[in-house]
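Protein chains in written order, with the numbering used here: chain P, 1 to 338; chain C, 1 to 338.
Ideal placement from N, C-alpha and C gives every residue a C-beta, glycine not left out.
Right, one structure below, let's go through it.
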DNA sequence: ACGATTTCTGAAAACCATTTCATTATTTAC
DNA sequence: GTAAATAATGAAATGGTTTTCAGAAATCGT
């Protein structure tokens, strides 16, 4: 059907090796020959057969990304910027959505390995031993994005959840003696666990007992935020402030307040986490921790590119910057504005 | 490094051909032999070399998806469900974000072709001749998702934009003599063009002249919706109703109203398009045209799978269902509720 | 002008699976 | 029991590159 290297070689009157050299920009081929080959390539509209090349070299120029929940706006930004970063170096992205299921993750890892990916990025909230063992066994450069991981061998990029939660806590203690928390799942969410640690630190620092009834669990979705707010208000009639571990849950909570005639920020202040795009446009707009999904994507991919090129990676843990952005959903006290 | 088919063959005491047959579930191999081979595979932890297989068969089990603006919540759902649908049949997704740039699209198409993708889905708003020509030339089964395309040869799945816009128009004419329109870009947005046609149809049917000042252009983003609303109100002091061609723009517009003391829906009713997840949680929640991104994804991928399997495709244009969902942003008049 | 480098090119092996064709072993049919 | 059909297996060709090794041609040094 389409021309192969042999055809080009014949037309140009040279050998296979020479054509290959021209294609790979080898410097040991003369100008004249190179020119002949190039015109032959043009004339035949020759395109290299990638699978043959991969078979021979074991280099696929493919990066696998296994992600949990592409319908999360924050992660979508991350994914998009990862892709943009990868394509600069001519890497394509194979994406698999694990929905956060370990089984799916393992399945994809195996599948992607067979496709000969050169590198892998895993976006997950849970770090089971099984997953880590699998990653180790495949012997493919891997970066974990989002979700801190204690293991010193693993390469990871993440927001500093503890610090960010501390910042929010500091801010909220300005308003009231305690604040309600809409946390993420108890099970398997490292991010949620770490943010909780930040909160606990600050409760302790302020000598306030962190009671169970201040805490309500969500799953990061809008709906769960709505329900969690309901629960919080039922248990704490005098609640003045809420820290939600995701913007989506915060927006759900705001909606609950609206439905129940609770004024924000007059009656209650709410702070979210993520700074998704819509956070600036809700009514009231949402105070939140801004962490750049794009930055997460870029940093992770850059790190992976280094690993794939065997460049030395001095620091295998990187933090993505964050800042507390105060908007209308919380009473303003001179802190960072946006 | 890792075992290959030869190793398996040797260990099992059979030939290469036999191993290959076992792997491919060929029925012309005896139970006993098959068993021997399978245990050998297990013992060696043998994994097939995909690139060799692809080289030989020209089947990669890879589907390319080229998308424009995947940070759009609606398209995220689409992408996710495409992936889910593909993996059921053991196809992996290679994803490239074109940002809607033709140049990028062409670049990706070429790149993906080299990676030997078995099928391609293109999500774009613009259908230049160049793009269509390119798609034709690569000879790979292709489906266009989102954005109707007149060309009878091409396979496409899309929402019925004209009809949907007509539905909204009918609804809005209940409230007032004319309504403002926040449309999508004039340039290269088929969806926007088609929705405009629906609007025009109904203006004509109602014998109302559609004046230029009723129309304001956005680019589907939150910000542009804010600005467009501003423009509309400046030009039409008595504006009572707005049809926004995306939810994101509608939310931007709502925010503008809020900032300018315009009450929704008391003063102005707004209807969006897409029914993104947050639309149910904004304040007021957003009346909109619900079109399922998931359905779009599933239908497109199913169609592509058929094409790739050479099954006959009776209808190469499919519509995704839509319905008008009335929420708080528009005064209710007994129509569909949600 | 002669040997020593350097530059350029080609032949052939390697990567690993699939598939056709031929062959042997086993059944079936009569 | 023999011919004919069927089932099971293997040998070898094939797909299209990259890369090592060796050799030819050109350049250099003196």
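message: Can you tell me whether residue 25 of chain C is helix, strand or coil according to DSSP?
response: The answer is coil: DSSP assigns residue 25 of chain C none of H, G, I, E or B.
query: According to the neighbour-count rule (16 or more other Cβ atoms, all chains shown, within 10 Å of its Cβ), is residue 130 of chain C buried or exposed?
result: Here residue 130 of chain C is exposed, its C-beta having fewer than 16 other C-beta atoms within 10 Å.
query: Taking Cβ-Cβ distances shorter than 7 angstroms, what residues in chain P pair up with residue 281 of chain C?
result: Neighbours of residue 281 of chain C on chain P, chain order: 222, 251, 252 and 255.
field: Buried or exposed (CB count within 10 angstroms, at least 16 for buried), residue 297 of chain P
entry: That one is buried.
task: State yes or no: is the beta carbon of residue 4 of chain C nearer than 7 angstroms to at least one beta carbon in chain P?
output: It does not; no Cβ of chain P falls within 7 angstroms.
query: Helix or strand or just coil, what does DSSP make of residue 358 of chain C?
result: Not covered by the structure: residue 358 of chain C. The range shown for chain C is 1 to 338.
query: For the region 161-198 of chain P, which segments carrying the beta strand (DSSP E) assignment without a break, of at least 3 residues, lie completely within its bounds, in sequence order?
result: DSSP runs (the beta strand (DSSP E)) wholly in the region 161-198 of chain P: 180-183.
- request: Would you verify that the beta carbon of residue 247 of chain P is, or is not, closer than 7 angstroms to some beta carbon of chain C?
  value: With 7 angstroms as the cut-off, residue 247 of chain P does not count as an interface residue toward chain C.
- request: Could you tell me whether the Cβ atoms of residue 241 of chain C and residue 269 of chain C are closer together than 7 angstroms?
  value: Yes, Cβ-Cβ distance for residue 241 of chain C and residue 269 of chain C is below 7 angstroms.
Top-ranked residue by Cα proximity to residue 176 of chain C, from C:81, C:295, C:206 and C:318: Each of C:81, C:295, C:206 and C:318 was checked against the Cα of residue 176 of chain C, and the nearest Cα belongs to C:206.
message: Just to make sure I have the definition right: I need the residues of chain C whose C-beta is within less than 9 angstroms of the C-beta of residue 47 of chain P. Which are they?
response: When 9 angstroms is used as the limit between beta carbons, residue 47 of chain P is near these residues of chain C: 110, 113 and 114, in chain order.
message: Along the region 114-143 of chain C, where does the CB come closer than 8 angstroms to a CB of chain P? Name the residues.
response: Those residues of the region 114-143 of chain C that come within reach of chain P (Cβ to Cβ, closer than 8 angstroms) are 114, 115 and 116.
- request: Out of C:127, C:12, C:93 and C:184, state which residue places its alpha-carbon closest to the alpha-carbon of residue 245 of chain C.
  value: Of the listed residues, the one whose Cα sits closest to residue 245 of chain C is C:184.
query: Taking C-alpha atoms, which residue in P:255, P:290 and P:29 lies nearest to residue 279 of chain C?
result: Closest by alpha carbon: P:255.
field: Buried or exposed (CB count within 10 angstroms, at least 16 for buried), residue 136 of chain P
entry: Looking at its Cβ environment, which holds fewer than 16 other Cβ atoms inside 10 Å, residue 136 of chain P is exposed.
message: Am I right that residue 63 of chain P and residue 86 of chain P are in contact with their C-beta atoms under 8 angstroms? What's the rounded C-beta distance?
response: The pair is a contact, with the Cβ atoms about 5 angstroms apart (cut-off 8 angstroms).
field: Segments of 3+ residues assigned as beta strand (DSSP E) that fall wholly inside the region 271-295 of chain P
entry: Entirely contained in the region 271-295 of chain P, the beta strand (DSSP E) runs reaching 3 residues are, in chain order, 287-291.
Reduced DSSP category for residue 121 of chain P - H, G, I as helix; E, B as strand; rest coil: In this structure, residue 121 of chain P counts as strand in the three-state DSSP scheme.
- request: Could you tell me which chain C residues have their CB closer than 8 angstroms to the CB of residue 70 of chain P, listed as they occur along the chain?
  value: For residue 70 of chain P, the C-beta contacts it makes with chain C under 8 angstroms involve 76, 79, 80 and 83, in order along the chain.
query: Is there contact between the region 300-309 of chain P and the region 159-179 of chain P, where contact requires at least three CB pairs shorter than 8 angstroms?
result: Put simply, the region 300-309 of chain P does not touch the region 159-179 of chain P. Fewer than three CB pairs are less than 8 angstroms apart.
message: Within a Cβ cutoff of 6 angstroms, which residues of the same chain sit near residue 203 of chain C, ignoring the five residues on either side of it in sequence?
response: Here the set comprises 210.
message: Comparing C-alpha positions only, which one of C:60, C:8, C:56 and C:65 sits nearest to residue 38 of chain C?
response: Checked all of C:60, C:8, C:56 and C:65; the closest Cα to residue 38 of chain C is C:8.
C-alpha distance - residue 198 of chain P paired with residue 216 of chain P, whole-angstrom precision: Cα to Cα, the separation comes out at about 16 angstroms.
field: Buried/exposed call for residue 24 of chain P, threshold 16 Cβ in 10 Å
entry: Taking a 10 Å sphere around the C-beta of residue 24 of chain P, we find fewer than 16 other C-beta atoms and assign the residue as exposed.
- request: Identify whether residue 253 of chain P lies in helix, strand or coil by the three-state DSSP scheme.
  value: Three-state DSSP puts residue 253 of chain P in a helix.
- request: Taking only beta-carbon positions, decide if residue 212 of chain P is within less than 7 angstroms of chain C.
  value: Under the 7 angstroms criterion on CB atoms, residue 212 of chain P is classed as non-interfacial with respect to chain C.
- request: Determine contact between the region 30-46 of chain C and the region 104-119 of chain P, defined as no fewer than three beta-carbon pairs at a distance below 8 angstroms.
  value: Too few Cβ pairs lie closer than 8 angstroms, so no.
C-alpha distance - residue 194 of chain C paired with residue 36 of chain P, whole-angstrom precision: Roughly 50 angstroms separates the two Cα atoms.
- prompt: If residue 93 of chain P and residue 105 of chain P are in contact, beta carbons under 8 angstroms, what's the gap, nearest whole angstrom?
  reply: So it is not a contact: roughly 17 angstroms between Cβ atoms.
query: Should the region 315-335 of chain P be called in touch with the region 150-169 of chain P, which here means at least 3 C-beta pairs below 8 angstroms?
result: The count of Cβ pairs closer than 8 angstroms, one atom from the region 315-335 of chain P and one from the region 150-169 of chain P, reaches three, so the stretches are in contact.
query: Taking Cβ positions only, does residue 7 of chain P come closer than 7 angstroms to chain C?
result: Chain C contact via Cβ: absent.
Boundaries of the alpha helix (DSSP H) in which residue 225 of chain C is found, first to last residue: Start and end: 222-235.
message: Within a Cβ cutoff of 7 angstroms, which residues of the same chain sit near residue 295 of chain C, ignoring the five residues on either side of it in sequence?
response: Here residue 295 of chain C has 320 and 321 as same chain residues with Cβ atoms under 7 angstroms from its own Cβ, once five neighbours each way along the sequence are excluded.
field: Cβ separation of residue 98 of chain C and residue 67 of chain C, assumed to be a contact under 8 angstroms, to the nearest whole Å
entry: About 7 angstroms separates the two Cβ atoms, so the contact holds.
message: On the DSSP letters alone, give me the boundaries of the beta strand (DSSP E) that residue 214 of chain C sits inside.
response: That residue, residue 214 of chain C, is in no beta strand (DSSP E); it is neither H nor E in DSSP.
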